[in-house]
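J.: Supplied in structure tokens, the structure appears directly below.
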Amino acid sequence: MNEFGIENLPPFQNPPSPDLGELSIVVNKLTKDQDIEAFAKSLSFELVTIEELSSVDILKTGDKKKKQGIVFLNFKIKSSVKKQLRSDFVSGALVKILSKNYGHFTDHNGNVAIVEHTSANPISPIHVGNLRNSVHGDTFARILERTGYKVFRHFYVNDLGLQVAFTVVGYEILRSKHIRPDIKIDHWVGKIYAIMNNFYYSQTTKVKYNLSANDLYFLSSKDVIIVEKRLSSDIKKLREDQRVAEQDQSVPKSKKKTLRDISIKIQKILDQIDEVSKLNSTGIDLRTRFPQIYSSLIIEVKSFDLTEKTRMYLKNFSQDTDERIVELFYEVVNWVLEGFMTTLRKFNIEFDQFDYESKVTHSGLPDELILKLRQSPNIKKVEGKAIRYSYPPEAMKEFRQNLGFTKNDLPIKGHIPELQLTRTDGTALYAAKDIGYSITKFESRNADVVYNVISVEQTLPQFQLLLPLYELGYKNIAKNMKHYSYENVELRGRIMSGRLALYVTADEYFDETFIRSRMAKRKSEVERNIAPPSDHDGWREDNDILLKVTQATTRFPLIETSPKKRIVLDLDRELDFRRNSGPFVQYAHARACGIIEKILSEKGFIPNVAVNPVDLIDDDSIFILTHLLNLKVRIDKAVNQLDPSIIASWCFELATKFMSYYEKYPVLNAENELQLKARLGLIEAVRIGLANGLSILGINPTNKL
RNA sequence: GAGUGCGUAGUUCAGCUUGGAUAGAACGACAGUUUGCGGAACUGUAGGUCGAGGGUUCAAAUCCCUUCGCACUCGCCA
18 MNEFGIENLP
28 PFQNPPSPDL
38 GELSIVVNKL
48 TKDQDIEAFA
58 KSLSFELVTI
68 EELSSVDILK
78 TGDKKKKQGI
88 VFLNFKIKSS
98 VKKQLRSDFV
108 SGALVKILSK
118 NYGHFTDHNG
128 NVAIVEHTSA
138 NPISPIHVGN
148 LRNSVHGDTF
158 ARILERTGYK
168 VFRHFYVNDL
178 GLQVAFTVVG
188 YEILRSKHIR
198 PDIKIDHWVG
208 KIYAIMNNFY
218 YSQTTKVKYN
228 LSANDLYFLS
238 SKDVIIVEKR
248 LSSDIKKLRE
258 DQRVAEQDQS
268 VPKSKKKTLR
278 DISIKIQKIL
288 DQIDEVSKLN
298 STGIDLRTRF
308 PQIYSSLIIE
318 VKSFDLTEKT
328 RMYLKNFSQD
338 TDERIVELFY
348 EVVNWVLEGF
358 MTTLRKFNIE
368 FDQFDYESKV
378 THSGLPDELI
388 LKLRQSPNIK
398 KVEGKAIRYS
408 YPPEAMKEFR
418 QNLGFTKNDL
428 PIKGHIPELQ
438 LTRTDGTALY
448 AAKDIGYSIT
458 KFESRNADVV
468 YNVISVEQTL
478 PQFQLLLPLY
488 ELGYKNIAKN
498 MKHYSYENVE
508 LRGRIMSGRL
518 ALYVTADEYF
528 DETFIRSRMA
538 KRKSEVERNI
548 APPSDHDGWR
558 EDNDILLKVT
568 QATTRFPLIE
578 TSPKKRIVLD
588 LDRELDFRRN
598 SGPFVQYAHA
608 RACGIIEKIL
618 SEKGFIPNVA
628 VNPVDLIDDD
638 SIFILTHLLN
648 LKVRIDKAVN
658 QLDPSIIASW
668 CFELATKFMS
678 YYEKYPVLNA
688 ENELQLKARL
698 GLIEAVRIGL
708 ANGLSILGIN
718 PTNKL
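Here this note's numbering is used: the first sequence runs in plain steps of one and ends on residue 722.
Right, dumping it as structure tokens:
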């Protein structure tokens, strides 16, 4: 190589088609000043003398408009050598894949990771939007486990909100009237939440706009009209200001700013009008949809001031000052959480720990941190006891450099807006509690890394936590707390809103899928003239299979696209098994199991690594084995990119390849026994790969369908 | 006004970190395969100015700049 002036050989790559050769190299990279084609020619003359090579071809692109002038050297290896290389590869690959620890890696042995996910508000059932969070969190946790991490799954319980407080007030009313839930608890509480939410905001709106108080918890259409009138006169004034500002040409920059401010104000008022009119329509809607709960609640609520009671309850709960109220909160929240668990268990999702926002607050940690942060040069005092944390560029630079982040590692490159930590009365806001929670989380498990699975809207608040943590001396936490961000879920043709108690719940999604899989299974049994199970055991087995298929069908659509992409779930499409990759992968696995079992019963062979590798040196077998060994690369990529969809595609590709392999290469009817055993070994390798892949995706593989 | 993400076939997406040959799948459309090792299958065909424009390069979907479209975020809700 030296005589050509080449010091480092660029990496070999695989030609796009096998008939071009086994390996190739781009000649353009090797020389700058010489004529590339001449250079390639002399190089090929030299290289073709290598004993193992049968030919070295030169190929130049250039017919198309794009990417022209690339010169490749394509190497073909002598067939005898190739055969030997492939045989060695096959033997080695089979040993690795058929071993017990295939799919389990040790890079992070001894390390601890926490994945915080789902963390849905404990006042309405889990819907498919939350479920995307759960499925991503759970799958990612499983991927981390495969790299050797000890993983703990945490659920952050937001139990300290206003919404929880008025829901608790509503719950207490119904309990005192002995009205018990007649449906799954989280669904039931979801109704209470929607109704109480409407009461609460109807009241505050009435007070704010001085509306007649005779029906304090219901905003009538008359009220809406009054508010509209008042606000539209405000808009008129603003429009006037806008016109004045437009004509003023004195300072162009500040002029722009006031104009912008005015248009923001106008937009805000328009939003207010919209919200008020929605309060009216939602009230009517809830009253008609849930008449019993609605009327029971409204009668009682009229006897007290809801706003005041809600604040009082929240204050007592937050400061841990009234045992009865504290217990009431936990009664509601824990009961709903049980409902969540029942739901998520169907999807194969469980938690190691629930962390309550209230308990973090009761520990006093957030207040301590605020006390310390008050001394920080980055703190700005606002009104009263309110403080804000700011992010000066110098501080950010130091943060970045000391923690070894490059600019591209950070989610936000430019200026970071200030973060308010306390209210005017000095009490901690959510952000301050989150700083406290981050510390508690890390320390409780002595964790090396924490992944917070939170939707993309939270990118800024999540990032804002890091500098205060760093400044407080928690450098490790600031470095190793990662926001696993995901985009939202939309449903084709349906609106989702907790306030309206309108959502496709995770329960419905699962149950509907289960029913459809049962129908599909029956249909296929009829076509194949198989009788449905008649005895108890048969029925149980049938049910078990359907549960596993349903897991695949429900989880796959939520995980198969990158978390950064917004997905639109079309239930008709997801429930059509031919269009959903989940059941397809399950099917491939079941089919592999079926073949292995059949060969055992008919020939008495058990899959084994001791096969004649020459029977597996065809391109298709090599491709499958290479793909199986590639799992490690895919897992690492999924971890680095925070993207489990990489594993979902890996499974799907394996299943597809196996299906076509299976059409092409008969196993039971192989030409001879050696060939049969070799192919059986390959099928076993595929089976192991699919079982591993499914299990990483949180889907229990089924060996029958 | 600032920030972030996304934009690739009729549809849903992969590929972009680290530039390299003919831009890959799936669904849908169309045409085939089956006396079966499980048809929830397989084989094939058609379908693309990679949002637009410019730059860097021997070479750009990929890197840089500009621009358009969509979504989200920007101090007392959690």
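Beta carbons: idealized from backbone N, C-alpha and C, even for Gly. Since we're looking at a predicted model, the values are computed, not measured.
For A605 and M676, which I take to be in contact (beta-carbon distance under 8 Å), what is that distance rounded to the nearest angstrom?
T.: Position 588 of the first sequence, counted from the start, is the residue given in the question as residue 605. Position 659 of the first sequence, counted from the start, is the residue given in the question as residue 676. With 8 Å as the limit, A605 and M676 qualify as a contact, their Cβ atoms being about 6 Å apart.
J.: In chain order, what residues of the same chain lie with their CB nearer than 7 Å to the CB of F92, ignoring the 5 residues before and after it?
T.: As a position in the first sequence, residue 92 is number 75, starting the count at 1. Around F92: G38, E39, L40, S41, L70 and V73.
J.: Could you check the C-alpha separation between L699 and N365 for me, to the nearest Å?
T.: Translated into positions along the first sequence, residue 699 becomes position 682. Translated into positions along the first sequence, residue 365 becomes position 348. Going by the C-alpha atoms only, they are around 29 Å apart.
J.: Using the Cα positions of I623 and L588, report the straight-line distance between them to the nearest angstrom.
T.: Along the first sequence, read from residue 1 onward, the residue named residue 623 stands at position 606. Along the first sequence, read from residue 1 onward, the residue named residue 588 stands at position 571. Going by the C-alpha atoms only, they are around 42 Å apart.
J.: Can the beta-carbon of S598 be found closer than 8 Å to that of E577?
T.: Taking the first residue of the first sequence as position 1, residue 598 is located at position 581. Taking the first residue of the first sequence as position 1, residue 577 is located at position 560. In this structure, E577 lies closer than 8 Å to S598 by Cβ.
J.: Rounded to a whole number of angstroms, what is the C-alpha to C-alpha distance between E150 and K582?
T.: In the first sequence, residue 150 corresponds to position 133, counting from 1. In the first sequence, residue 582 corresponds to position 565, counting from 1. First, the residue type needs correcting, since residue 150 is Asn and not Glu in the sequence shown. About 13 Å.
J.: Rounded to whole angstroms, how far is the Cβ of H153 from the Cβ of P580, which I believe are closer than 8 Å?
T.: Here the question's residue 153 lines up with position 136 in the first sequence. Here the question's residue 580 lines up with position 563 in the first sequence. Contact holds; Cβ gap of about 6 Å.
J.: Report yes if the CB atom of L354 is closer than 8 Å to the CB atom of P661, and no otherwise.
T.: Taking the first sequence and counting its residues from 1, one reaches residue 354 at position 337. Taking the first sequence and counting its residues from 1, one reaches residue 661 at position 644. No. Outside cutoff.
J.: Comparing C-alpha positions only, which one of S514, V566 and L711 sits nearest to I532?
T.: The count along the first sequence starts at 1 and reaches residue 532 at position 515. Looking at the Cα atoms, V566 is the closest of the given residues.
J.: Would L331 and L179 qualify as a contact pair, given that the criterion is a beta-carbon distance under 8 Å?
T.: Taking the first residue of the first sequence as 1, we reach residue 331 at position 314. Taking the first residue of the first sequence as 1, we reach residue 179 at position 162. Going by beta carbons, L331 and L179 fall inside the 8 Å limit.
J.: Closest to A518 by CA distance: which of R405, G207, Q481 and T476 is it?
T.: In the first sequence, counting from the first residue as 1, residue 518 sits at position 501. Of the candidates R405, G207, Q481 and T476, the one whose C-alpha sits nearest the C-alpha of A518 is G207.
J.: Quick one: give me the first and last residue of the beta strand (DSSP E) that L37 is part of.
T.: Numbered from its first residue, the first sequence carries residue 37 at position 20. Unbroken run through L37: none, as it is neither H nor E.
J.: From N647 to Y311, what does the alpha carbon distance come to, in whole angstroms?
T.: Taking the first sequence and counting its residues from 1, the one referred to as residue 647 is at position 630. Taking the first sequence and counting its residues from 1, the one referred to as residue 311 is at position 294. Between N647 and Y311, the C-alpha separation is close to 57 Å.
J.: What would DSSP say about K620, mapped onto helix, strand or coil?
T.: As a working mapping, residue 620 is identified with position 603 in the first sequence. Helix, per DSSP.
J.: Thinking V186 and K326 are a contact (beta carbons under 8 Å), I'd like their distance in whole angstroms, please.
T.: What you label residue 186 is simply residue 169 of the first sequence in a count that begins at 1. What you label residue 326 is simply residue 309 of the first sequence in a count that begins at 1. Correct: roughly 6 Å between the Cβ atoms.
J.: Can we say the segment 187-202 touches the segment 283-291, given the rule of at least three CB pairs closer than 8 Å?
T.: no
J.: Sorted by chain position, which residues of the same chain lie with C-beta nearer than 6 Å to F371's C-beta, five sequence neighbours on each side aside?
T.: As a working mapping, residue 371 is identified with position 354 in the first sequence. Closer than 6 Å at Cβ, skipping near neighbours: F172 and V174.
J.: Could you spell out the range, first to last residue, of the alpha helix (DSSP H) harbouring D384?
T.: Within the first sequence, numbered from 1, the residue matching residue 384 stands at position 367. Residues L382 to L390.
J.: On the DSSP bridge assignment, give the partners of V132 in chain order.
T.: Taking the first sequence and counting its residues from 1, the one referred to as residue 132 is at position 115. R170 and Y468.
J.: Compare the beta carbon distance of V145 and V473 with 8 Å and say whether it is the shorter of the two.
T.: One-based indexing of the first sequence puts residue 145 at position 128. One-based indexing of the first sequence puts residue 473 at position 456. Not in contact: V145 and V473 (Cβ atoms no closer than 8 Å).
J.: Which value, in whole angstroms, describes the spacing of the CA atoms of N686 and K620?
T.: For the purposes of this step, residue 686 is taken as residue 669 along the first sequence, with counting starting at 1. For the purposes of this step, residue 620 is taken as residue 603 along the first sequence, with counting starting at 1. Spanning the two alpha carbons is a distance of roughly 11 Å.
J.: Going residue by residue through the segment 558-583, where are the continuous alpha helix (DSSP H) segments of at least 4 residues, counting only ones entirely within it?
T.: none
J.: Give the list of continuous beta strand (DSSP E) stretches no shorter than 3 residues that lie fully inside the segment 478-503.
T.: 498-503
J.: Count the CB pairs spanning the segment 632-652 and the segment 480-499 that are closer than 8 Å, and state whether there are at least three.
T.: no
J.: Taking 8 Å as the threshold (C-beta atoms), are I652 and G710 in contact?
T.: Here the question's residue 710 lines up with position 693 in the first sequence. Here the question's residue 652 lines up with position 635 in the first sequence. Cβ distance not < 8 Å, so G710 and I652 don't count as in contact.
J.: For the beta strand (DSSP E) that Y226 lies in, which residues bound it at each end?
T.: Here the question's residue 226 lines up with position 209 in the first sequence. Premise fails: Y226 is in no beta strand (DSSP E) and is neither H nor E.
J.: Could you pull the start and end residues of the alpha helix (DSSP H) that N150 belongs to?
T.: Locating residue 150 in the first sequence gives position 133, where the first residue counts as 1. Segment V145 to R163, the alpha helix (DSSP H) holding N150.
J.: Can you tell me where the beta strand (DSSP E) holding N625 begins and where it ends?
T.: Counting from 1 along the first sequence, the entry for residue 625 is found at position 608. Note, N625: premise wrong, no beta strand (DSSP E); not H, not E.
J.: Are three or more beta carbon pairs between the segment 522-540 and the segment 496-505 nearer than 8 Å?
T.: no
J.: How many Å lie between R417 and D426 at the Cα?
T.: Sequence index remark: in the first sequence, residue 417 carries index 400 (1-based). Sequence index remark: in the first sequence, residue 426 carries index 409 (1-based). Near 9 Å, if we compare the C-alpha coordinates of D426 and R417.
J.: At the level of alpha carbons, what is the spacing between R247 and L323?
T.: To locate residue 247, count along the first sequence from 1; it is residue 230. To locate residue 323, count along the first sequence from 1; it is residue 306. About 25 Å.
J.: So does the segment 389-404 actually touch the segment 461-471, counting three or more Cβ pairs closer than 8 Å?
T.: no
J.: Look at the Cβ atom of T522, then the Cβ atom of P142, and state whether they are nearer than 8 Å.
T.: Taking the first sequence and counting its residues from 1, one reaches residue 522 at position 505. Taking the first sequence and counting its residues from 1, one reaches residue 142 at position 125. A distance below 8 Å separates the beta carbons of T522 and P142.
J.: Are the segment 108-127 and the segment 159-168 touching by the rule of at least three beta carbon pairs closer than 8 Å?
T.: yes
J.: Among the residues of its own chain, which have a CB less than 7 Å from the CB of D636, if the five just before and after it don't count?
T.: The residue labelled residue 636 in the question sits at position 619 within the first sequence. Contacts found: P35.
J.: Check each candidate in L47, N231, R197 and R362 and name the one with the smallest Cα separation from S313.
T.: Within the first sequence, numbered from 1, the residue matching residue 313 stands at position 296. Of the candidates L47, N231, R197 and R362, the one whose C-alpha sits nearest the C-alpha of S313 is R197.
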